[in-house]
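Some notes on the structure that comes next.
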Amino acid sequence: MTEVLSPLQLMEKLVSFPTVSRDTNLPLVEWVEEYLSAHGITPHRWTDPDQPHKAAVFAHVGPMVEGAVVLSGHTDVVPVDGQPWDTDPFTVVERDGKYYGRGCCDMKGFDALAIWALVEAHRRGVKRPLQLALSFDEEIGCTGAPPMIEAMQPVLPKGSAVIVGEPSMMKAVTGHKGGIGYNTHLVGFEVHSSLMHTGVSAIMQGARLIDWANHRNSENAAQDPGEIPAMFTPPYTTCHVGMIEGGTAHNITAKDCHFVMDFRVVPGEDTADWEAAYLSEVRRIEAEMQAIHPDTRIEIDKKFNVPGLVPEQDGEAESLVRAITGDNGTHVVSYGTEAGQFQEAGYSAVICGPGDIAQAHQPNEFITVAQFNAGHDFMRQLVDRLAA
5 MTEVLSPLQL MEKLVSFPTV SRDTNLPLVE WVEEYLSAHG ITPHRWTDPD
55 QPHKAAVFAH VGPMVEGAVV LSGHTDVVPV DGQPWDTDPF TVVERDGKYY
105 GRGCCDMKGF DALAIWALVE AHRRGVKRPL QLALSFDEEI GCTGAPPMIE
155 AMQPVLPKGS AVIVGEPSMM KAVTGHKGGI GYNTHLVGFE VHSSLMHTGV
205 SAIMQGARLI DWANHRNSEN AAQDPGEIPA MFTPPYTTCH VGMIEGGTAH
255 NITAKDCHFV MDFRVVPGED TADWEAAYLS EVRRIEAEMQ AIHPDTRIEI
305 DKKFNVPGLV PEQDGEAESL VRAITGDNGT HVVSYGTEAG QFQEAGYSAV
355 ICGPGDIAQA HQPNEFITVA QFNAGHDFMR QLVDRLAA
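In structure tokens, the structure reads:
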């Protein structure tokens, strides 16, 4: 374990752990802890008390003072089930100028570069500290980062600039939408469909909530966007249902209907307002269901809540990334990341990582060799700055 691994060797090792979000990430965490410890770096683990098979790991090198640069990544990946892979998803394969493997792009490629940078910074004896923060459960709603960030506070001096390495083609992404999602379970009353007026179809009532979302989308799309929303594509908050299940037979009013209603909220709008609007519609429809049969109901459980990343005025993290990359463009994204959670906790945050988000979650996921090398060059320059 005393050997200093290259970024590619580190990525190969990280990808070999099948850390799909539904499964444990502890073998990867344990390996990272062993690797850092072997190089004289003290790792810290936070284990989820509700999921003891999940943990975050973080570490600090350099002077024990505030003001560190934090390299933030997540350890979990999306499933490969049913995807037509040409190679073993958990083995890095180089072909035609690309590294293939689940997580090479999103985002074990960056994680590997961050671990390399941490070891290199420790070896160089940097004057400004560097921190590593690797979370879990990012892919199912960014639920692992907030407790990790809270756990870091009493253990490490607080950092001042967070670089979240989601794939951005090494561009400085300074804003993203927030996201909230609600597990929605409608409980109906079963009767023969020929007497449907005496029953309550959970599916048909659920369709009313989905249609409410359709109308909100149309209304939002018709509005003139403000300055910040206009930066996004689309330039408004969206409401979406991606999966739905329920019912027993075609001639029985459905007893159950399950779906997740999620909102992608533009910065400047309050997720609490969207929650209130949705819950108001839920209760309105629930009252009409119960007027037909009192045993019907709608159960709501918040699945995730990810704050947006708001573009900062002269943000420290943004300025650092621009100084290294030379990128002066304006870049925002509509998906959520852990950057907004760091920003909410008082850090300056920016997104910058190698790879193209279009490759994330895909069969035959890849990062180009050129992008991975660009990420390595970025880390070299970052360490040089911290050591200067």
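Numbering (the working numbering), first residue to last: 5 to 392.
Just so you know, even glycine gets a beta-carbon here, dropped at the ideal spot from N, CA and C.
For clarity, every value in this text was computed on a predicted model and none was experimentally measured.
- Minimum Cα-Cα distance from GLY185 among the listed residues VAL74, ASP266, ASP299 corresponds to ASP266.
- From the listed residues ARG49, ILE144, VAL191, SER41, the smallest Cα separation to PRO298 is found for VAL191.
- Between the alpha carbons of ILE302 and MET200 lies a gap of roughly 19 Å.
- In the three-state reduction of the DSSP assignment, GLY250 falls in the strand class, which pools E and B.
- In the DSSP assignment, the residues bridged to ASP52 are GLN55.
- DSSP places PHE140 in the coil class of the three-state scheme, outside both helix and strand.
- Straight through space, the alpha carbons of GLY246 and ALA211 are spaced by roughly 13 Å.
- For PRO161, same chain residues with a beta-carbon under 8 Å away, outside a window of 5 residues either side, are HIS64, MET68, VAL69, GLU70, GLY71, ALA72, PRO133 in chain order.
- Residue burial is scored here from C-beta neighbours: ASP215 has fewer than 16 other C-beta atoms within 10 angstroms and is therefore classed as exposed.
- Judged by DSSP secondary structure, HIS180 falls within the beta strand (DSSP E) whose first and last residues are 177-180.
- With fewer than 16 other CB atoms across the displayed protein chains lying within 10 angstroms of its CB, SER222 is exposed.
- Distance from the CA of PHE346 to the CA of ASP27, rounded to the nearest whole angstrom, comes to 25 Å.
- The continuous beta strand (DSSP E) containing LYS306 extends over residues 301-310.
- Taking a C-beta distance under 8 Å as the contact criterion, VAL354 and GLU322 qualify as a contact pair.
- If you compare the alpha carbons of SER41, SER10, VAL84 with that of PRO22, the shortest gap goes to VAL84.
- Around TYR103, the same chain offers LEU12, MET15, VAL96, VAL97, GLY113, PHE370, ILE371, THR372, VAL373, PHE376 as residues with beta carbons nearer than 8 Å, after the five sequence neighbours per side are excluded.
- Around ALA121, the same chain offers LEU75, LEU134, MET383, LEU386, VAL387 as residues with beta carbons nearer than 7 Å, after the five sequence neighbours per side are excluded.
- The residues THR178, GLY179, in chain order, have a CB closer than 6 Å to that of PRO315 in the same chain once the five nearest residues on each side in sequence are set aside.
- Residue pairing by DSSP places ASN221 opposite no residue, since no beta bridge is assigned to it.
- The beta carbon of ILE328 is closer than 8 Å to those of PHE382, GLN385, LEU386, ARG389 in its chain, skipping five residues each way along the sequence.
- According to DSSP, residue pairing for PHE346 in a beta bridge does not occur.
- Contact annotation, ALA364 with ILE153: C-beta distance approximately 23 Å; criterion of less than 8 Å not satisfied.
- Distance from the CA of SER172 to the CA of GLU143, rounded to the nearest whole angstrom, comes to 17 Å.
- Of the candidates ASP100, ALA176, GLN209, PRO239, PRO239 places its Cα closest to the Cα of GLY182.
- If you look at PHE236, you'll find it isn't in any alpha helix (DSSP H); DSSP assigns it neither H nor E.
- When only Cα atoms are considered, GLY359 and PRO367 end up about 15 Å apart.
- Membership of HIS297 in any beta strand (DSSP E) is not indicated, and neither H nor E is assigned to it by DSSP.
- Sequence-distant partners of ILE232 (beyond 5 residues in either direction) whose C-beta falls short of 6 Å from its own C-beta, in its chain, are PRO271, GLY272.
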